[in-house]
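J.: Before we start, here is the structure in question, set down as structure tokens.
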Amino acid sequence: RTQLDGLRSCLDKADDWSFDVFELEHETDGLPLQVLSWHVFLQHNLIEEFNLDHVKLVNFLRQIEIGHLENPYHNATHVADVVQSMHCMLSKGGLEKFVGRLELLAGLLAACIHDFEHKGCNNDFLIKTQDDWAIDSNDKSPNEHHHLSSAFRILQAEENNFIHRMPLAQQQSLRKMVIDMVLATDMAEHMAIVSRLKTDLQKRLENPDDGIGDEVPESLKTLVLQGAIKVADIGHLYASHEVHIKWSERLEEEMWLQGDIEKDRTMKVSFLMDREKPGVTKSQPGFVDFVVRPLFETWVACFPDCKILMDRIEENYAYWKSKETTN
230 RTQLDGLRSC LDKADDWSFD VFELEHETDG LPLQVLSWHV FLQHNLIEEF NLDHVKLVNF
290 LRQIEIGHLE NPYHNATHVA DVVQSMHCML SKGGLEKFVG RLELLAGLLA ACIHDFEHKG
350 CNNDFLIKTQ DDWAIDSNDK SPNEHHHLSS AFRILQAEEN NFIHRMPLAQ QQSLRKMVID
410 MVLATDMAEH MAIVSRLKTD LQKRLENPDD GIGDEVPESL KTLVLQGAIK VADIGHLYAS
470 HEVHIKWSER LEEEMWLQGD IEKDRTMKVS FLMDREKPGV TKSQPGFVDF VVRPLFETWV
530 ACFPDCKILM DRIEENYAYW KSKETTN
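For the record, in the sequence shown the residue sitting at position 39 is 268 according to my numbering, with numbers rising by one throughout.
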């Protein structure tokens with residue numbers, strides 16, 4: 230009973246930007262992804278609204294969770310964290326104009342599968358080593374293409390196909406949005422998406438004459454969803470201080486593990502991946518200045534309800550900056 234109370238009070242905080250996913254990992258006995266995903270699907274009334282098959286949804290979520298490896302960073306807990314961030318973003322980020330009910334379902338589903346079966350190695354490594362995933366994708370975003378195709382293969386199995394009662398056109402639209410979102414999580418696309426947010430979205434929102442009418446074009450809805458999952462994917466940057474540090478150290482360790490493999494294979498060790506040298510925790514301010522800030526400043530300009538995220542990033546940024554000066 231006390232365990233259920235702990236879980237309940239943890240899930241009660243799922244609507245909060247400062248959610249601690251490590252507490253959820255503990256309270257769910259290491260099954261944070263399926264428990265949280267089920268919780269937000271219920272909370273948004275998606276099962277009833279889209280006539281989803283709830284038994285098959287449970288099967289699907291279980292299979293997705295099982296398909297995550299025990300990487301230091303790219304694991305089921307990170308994915309649960311992104312689902313939670315996406316839930317907050319789509320619930321209270323001020324995106325109503327762009328996000329209808331089907332977009333909401335697509336956003337949560339995309340978050341749920343966006344790192345499926347991740348091996349803890351980046352695209353560059355997969356391409357250089359001619360990994361099967363790189364061969365299958367012809368070197369185009371091998372990780373993201375695999376996350377998608379493998380997760381959709383799970384969904385296709387009869388016992389997992391929780392969308393089988395949805396109209397076919399709706400299923401196809403859902404699939405397209407999920408693909409567009411997950412492919413957008415490849416950091417190689419980062420600056421292209423930030424610049425499209427600036428030109429296609431921010432400029433139009435700031436110019437009342439060019440205002441976006443009642444009929445928002447599909448391309449703009451997709452762009453907003455892509456921005457949302459990108460923000461959610463690096464959501465640990467606006468987590469509470471302890472949670473943010475924990476994720477940063479886990480990312481550093483995962484990158485060092487790739488560096489170890491590179492050394493074993495006598496490859497050139499990738500930037501920040503040599504554990505004999507400073508890792509990602511030593512370059513956090515630069516990452517925020519050159520990668521994170523352009524995305525978040527544009528996002529907050531478009532969606533002022535998200536301003537709290539920028540404030541939280543600044544707090545964590547100040548910490549890394551202060552460490553820089555003391556070293």
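C-beta: ideal position from N, C-alpha, C; glycine also.
Could you compute how far the alpha carbon of residue 385 sits from the alpha carbon of residue 360?
T.: Counting from one through the sequence shown, the residue named residue 385 turns up at place 156. Counting from one through the sequence shown, the residue named residue 360 turns up at place 131. Cα to Cα, the separation comes out at about 25 Å.
J.: Express the C-alpha separation of residue 383 and residue 553 in angstroms, rounding to a whole number.
T.: The sequence position of residue 553 within the sequence shown is 324, counting from 1. The sequence position of residue 383 within the sequence shown is 154, counting from 1. If you take the alpha carbons of residue 553 and residue 383, they lie about 45 Å apart.
J.: Quick one: using the 10 Å Cβ neighbour count with 16 as the cut-off for buried, is residue 290 buried or exposed?
T.: Walking along the sequence shown from the start, residue 290 turns up at place 61. Buried is the call here.
J.: Please return the same chain residues whose Cβ sits closer than 6 Å to the Cβ of residue 530, not counting the five positions on each side in sequence.
T.: For the purposes of this step, residue 530 is taken as the residue at position 301 of the sequence shown. 431.
J.: Measuring CA to CA, which of 342, 413, 414 is closest to residue 380?
T.: Sequence index remark: in the sequence shown, residue 380 carries index 151 (1-based). Taking only the C-alpha atoms, the option nearest residue 380 is 342.
J.: Between residue 502 and residue 491, is the Cβ-Cβ spacing less than 8 Å?
T.: Here residue 502 is taken as the residue at index 273 of the sequence shown, counted from 1. Here residue 491 is taken as the residue at index 262 of the sequence shown, counted from 1. Yes, the pair counts as a contact, with Cβ atoms nearer than the cut-off.
J.: State the DSSP-derived secondary structure class of residue 342, mapped to helix, strand or coil.
T.: Translated into positions along the sequence shown, residue 342 becomes position 113. Three-state result, residue 342: helix.
J.: Relative to the C-alpha of residue 513, which candidate in 548, 299, 357 has its C-alpha closest?
T.: One-based indexing of the sequence shown puts residue 513 at position 284. Nearest option by C-alpha distance: 548.
J.: With residue 383 as the anchor, note down where its alpha helix (DSSP H) starts and where it stops.
T.: Working through the sequence shown from its first residue, we reach residue 383 at position 154. It spans 371 to 385 - the alpha helix (DSSP H) in which residue 383 sits, taken as one unbroken run.
J.: Just the C-alpha distance for residue 367 and residue 464, rounded to the nearest angstrom, thanks.
T.: Against the sequence shown, residue 367 aligns to sequence position 138. Against the sequence shown, residue 464 aligns to sequence position 235. Taking the straight line from one Cα to the other gives about 30 Å.
J.: What did DSSP end up calling residue 263 once you bin it into helix, strand or coil?
T.: Here residue 263 refers to the residue found at position 34 of the sequence shown. In this structure, residue 263 counts as helix in the three-state DSSP scheme.
J.: Only counting the same chain, and skipping five residues up and downstream in sequence, which positions put a Cβ closer than 7 Å to that of residue 305?
T.: Numbered from 1 along the sequence shown, position 76 holds the residue referred to as residue 305. Cβ neighbours of residue 305 beyond the five flanking positions: 261, 262, 294, 297.
J.: Going by C-alpha distance, which of 392, 371, 401, 405 is nearest residue 416?
T.: The residue labelled residue 416 in the question sits at position 187 within the sequence shown. Selected option, being the one with the closest Cα: 371.
J.: Measuring straight from C-alpha to C-alpha, what distance separates residue 292 and residue 544?
T.: Numbered from its first residue, the sequence shown carries residue 292 at position 63. Numbered from its first residue, the sequence shown carries residue 544 at position 315. Rounded to whole angstroms, residue 292 to residue 544 spans 37 Å at the Cα level.
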